[in-house]
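Participant: Pasting in a structure now, in structure tokens, and then I'll have a few things to ask.
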Amino acid sequence: MIVTELDDIKAARIALKNKLKTLFKHYDGKIRWDEPLTRYTSLKVGGAADMMVFPQTVPELSSIMKTIWKHRLPYFVLGAGSNLLIKPGGIKGVVIHLKHLNHVKLLDGNRLQAEGGLSYPKLAIFAMEKGLTGLEFAAGIPGMVGGAVVMNAGIPGMETAPLLESITLINEQGISEKIPAETLSFSYRTSQLPKGVIVSAVFALTSASRESIETTMKTYLKRRQETQPLSFSNCGSVFKNPPGLHAGRLIEQSGLKGYRIGDAEISERHGNFIINRGGAKAEDCLALISKMKETVLDLFGIALQLEVKVTGQD
Ligand SMILES: Cc1cc2nc3c(=O)[nH]c(=O)nc-3n(C[C@H](O)[C@H](O)[C@H](O)COP(=O)(O)OP(=O)(O)OC[C@H]3O[C@@H](n4cnc5c(N)ncnc54)[C@H](O)[C@@H]3O)c2cc1C
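Just so you know, we're using our numbering here: the sequence shown kicks off at 795 and counts up by one.
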């Protein structure tokens, strides 16, 4: 990119930030400006958010979305950041974080209503305590409920979508919509949902004994401990498994385990994980991803598809 183009991009970003400061002058919730997103993502790389908000209530979120809509502002919804690789230039516009919308309640008929910012493992524990089975797999998935719905999070043979009865979304106009799950489209680690912010979801589960739920959960967690590099910052599986194959095994067979760029490394424990050895940069992780893709394509003729979401500005 030539220098004047870069200058134009920088100037536009500064103008956007000034506009945000004016538009949100009377907002009485907490705003963080230029907030480093390394604090909010499990891989701990990438740039900053121009502006970050943490709505305490759904009406407050709705009012933020109305302002965003009225002024056509860029926005991004951040969950636990456990499936994200944020680029060095960070995220332009408003980043919405749902950490305060984290409640859960038991409804009648083995149903649970969980807010979008609730941790998925906490929801799994709550279900276990109520003697409800179905969410055991979620105990080791370090996302929030909203992120788990968007990603249709799961493990082989089990995923989020079949457990959903409905979701409630604050749409881009700031209006609340309750949407039955059967009208939504989900597939392997992805979904096509209406745009907006998922503020809650209703899960329909089945009764079972607490002991059996706990045993299943512990088995899943033990397997993760044994196979995943959980003592390092990481973003979970980098690639989706191609049909009938394992992305991790293809990367392992390519001889790439342990391959390192800067402080980003392809885990020795699991070929489909990039670990941050402490000082990794987003650029290092992106370069590793290219290396993994190109090598597997050259050796096996298979084009790996990303599971991790790469987002933000260069
Ligand atoms: C150690 C480790 C193990 C993992 N294991 C698994 C696993 O076994 N199975 C699996 O499926 N995944 C796994 N993951 C990946 C990740 O935890 C899941 O994809 C998780 O569901 C992402 O949720 P999140 O809240 O972190 O979403 P984020 O990473 O923050 O966001 C993911 C996407 O969802 C969108 N989003 C988030 N919240 C909302 C909302 N409320 N409304 C609208 N959009 C929203 C974001 O904009 C983004 O596009 C693992 C990750 C790690 C680090």
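Every residue, glycine too, gets a C-beta built ideally from N, C-alpha and C. On a predicted model such as this, the values are computed, not experimentally measured, just so you know.
Starting from residue 944, trace the beta strand (DSSP E) in both directions and tell me its first and last residue.
Facilitator: On the sequence shown, position 150 is the one that residue 944 refers to. No beta strand (DSSP E) contains residue 944, which is instead part of the alpha helix (DSSP H) from 939–945.
Participant: Name the one or two DSSP bridge partners that residue 827 has.
Facilitator: Reading the sequence shown from its first residue, position 33 is the one you call residue 827. Residue 827 is bridged to 845.
Participant: Could you tell me which of 933, 1062 and 974 sits nearest to residue 1013, measuring between CA atoms?
Facilitator: In the sequence shown, counting from the first residue as 1, residue 1013 sits at position 219. It is 933 whose Cα lies nearest to the Cα of residue 1013.
Participant: Would a C-beta distance cut-off of 7 Å place residue 995 and residue 938 closer than the cut-off?
Facilitator: Taking the first residue of the sequence shown as position 1, residue 995 is located at position 201. Taking the first residue of the sequence shown as position 1, residue 938 is located at position 144. Cβ distance not < 7 Å, so residue 995 and residue 938 don't count as in contact.
Participant: Can you give me the start and stop residues for the alpha helix (DSSP H) that residue 921 sits inside?
Facilitator: The sequence position of residue 921 within the sequence shown is 127, counting from 1. Here the alpha helix (DSSP H) through residue 921 covers 914–923.
Participant: Cβ of residue 868 within 6 Å of any heavy atom in ligand 1?
Facilitator: Residue 868 sits at position 74 when you count from the first residue of the sequence shown. It does not: the Cβ of residue 868 is nowhere closer than 6 Å to a heavy atom of ligand 1.
Participant: Considering only C-alpha positions, which residue in the set 943, 853, 865 and 903 is nearest to residue 926?
Facilitator: Translated into the one-based positions of the sequence shown, residue 926 becomes position 132. It is 903.
Participant: Do residue 841 and ligand 1 come close, with the Cβ less than 6 Å from some heavy atom?
Facilitator: Working through the sequence shown from its first residue, we reach residue 841 at position 47. Answer for residue 841: no, Cβ out of range of ligand 1.
Participant: State the start and end residues of the unbroken alpha helix (DSSP H) segment that holds residue 1076.
Facilitator: Working through the sequence shown from its first residue, we reach residue 1076 at position 282. 1076–1094 is the extent of the alpha helix (DSSP H) around residue 1076.
Participant: Does ligand 1 have a heavy atom nearer than 6 Å to the CB of residue 846?
Facilitator: Position 52 of the sequence shown, counted from the start, is the residue given in the question as residue 846. Not so, every heavy atom of ligand 1 lies at least 6 Å from the Cβ.
Participant: Cβ of residue 853 within 6 Å of any heavy atom in ligand 1?
Facilitator: Translated into the one-based positions of the sequence shown, residue 853 becomes position 59. Residue 853 has its CB no nearer than 6 Å to any heavy atom of ligand 1.
Participant: Under 7 Å, do residue 838 and residue 1070 count as touching if we go by C-beta distance?
Facilitator: Taking the sequence shown and counting its residues from 1, one reaches residue 838 at position 44. Taking the sequence shown and counting its residues from 1, one reaches residue 1070 at position 276. Cβ distance < 7 Å, so residue 838 and residue 1070 count as in contact.
Participant: Are residue 1055 and residue 1078 closer than 7 Å when you measure CB to CB?
Facilitator: For the purposes of this step, residue 1055 is taken as the residue at position 261 of the sequence shown. For the purposes of this step, residue 1078 is taken as the residue at position 284 of the sequence shown. Going by C-beta atoms, residue 1055 is nearer than 7 Å to residue 1078.
Participant: So what does DSSP say about residue 1015, is it helix, strand or coil?
Facilitator: Taking the sequence shown and counting its residues from 1, the one referred to as residue 1015 is at position 221. Here residue 1015 sits in helix by DSSP.
Participant: Please classify residue 983: is it buried, with 16 or more other beta-carbons within 10 angstroms of its beta-carbon, or exposed?
Facilitator: Locating residue 983 in the sequence shown gives position 189, where the first residue counts as 1. When all chains shown are included, residue 983 counts as buried.
Participant: Under 6 Å: does the beta carbon of residue 979 sit that close to some heavy atom of ligand 1?
Facilitator: In the sequence shown, the residue the question calls residue 979 occupies position 185. No, Cβ of residue 979 sits at least 6 Å from all heavy atoms of ligand 1.
Participant: By a C-beta neighbour count over all protein chains shown, 10 Å radius and 16 as the cutoff for buried, is residue 812 buried or exposed?
Facilitator: Position 18 of the sequence shown, counted from the start, is the residue given in the question as residue 812. Result: exposed.
Participant: So, is residue 820 buried or exposed, given that buried needs 16 or more other C-beta atoms within 10 angstroms?
Facilitator: Counted from its first residue, the sequence shown places residue 820 at position 26. Residue 820 comes out exposed.
Participant: May I ask whether a heavy atom of ligand 1 can be found less than 6 Å away from the beta carbon of residue 970?
Facilitator: On the sequence shown, residue 970 is found 176 positions in, with the first residue counted as 1. Outside the cutoff, so no.
Participant: So, are the CB atoms of residue 1097 and residue 1066 less than 7 Å apart?
Facilitator: Residue 1097 sits at position 303 when you count from the first residue of the sequence shown. Residue 1066 sits at position 272 when you count from the first residue of the sequence shown. The Cβ atoms of residue 1097 and residue 1066 lie no closer than 7 Å to each other.
Participant: If you reduce the DSSP assignment to three classes, tell me which class residue 1059 lands in.
Facilitator: For the purposes of this step, residue 1059 is identified with residue 265 of the sequence shown, where counting begins at 1. Under the three-state reduction of DSSP output, residue 1059 falls in the strand class.
Participant: Output the distance between the C-alpha atoms of residue 1001 and residue 846, rounded to the nearest integer angstrom.
Facilitator: On the sequence shown, position 207 is the one that residue 1001 refers to. On the sequence shown, position 52 is the one that residue 846 refers to. Their Cα atoms are separated by approximately 40 Å.
Participant: At a cut-off of 6 Å, would you count residue 1091 as near ligand 1, judging by its Cβ distance to the nearest heavy atom?
Facilitator: Counted from its first residue, the sequence shown places residue 1091 at position 297. Not under cutoff, so the answer is no.
Participant: Spell out a yes or no on whether the region 848–866 and the region 968–988 are touching, meaning 3 or more CB-CB pairs, one atom from each, closer than 8 Å.
Facilitator: The answer is yes - the region 968–988 touches the region 848–866, with three or more Cβ pairs under 8 Å.
Participant: Excluding sequence positions up to five away, which residues of its chain have a Cβ less than 6 Å from the Cβ of residue 871?
Facilitator: Position 77 of the sequence shown holds residue 871. Taken in chain order, the residues that qualify are 890 and 991.
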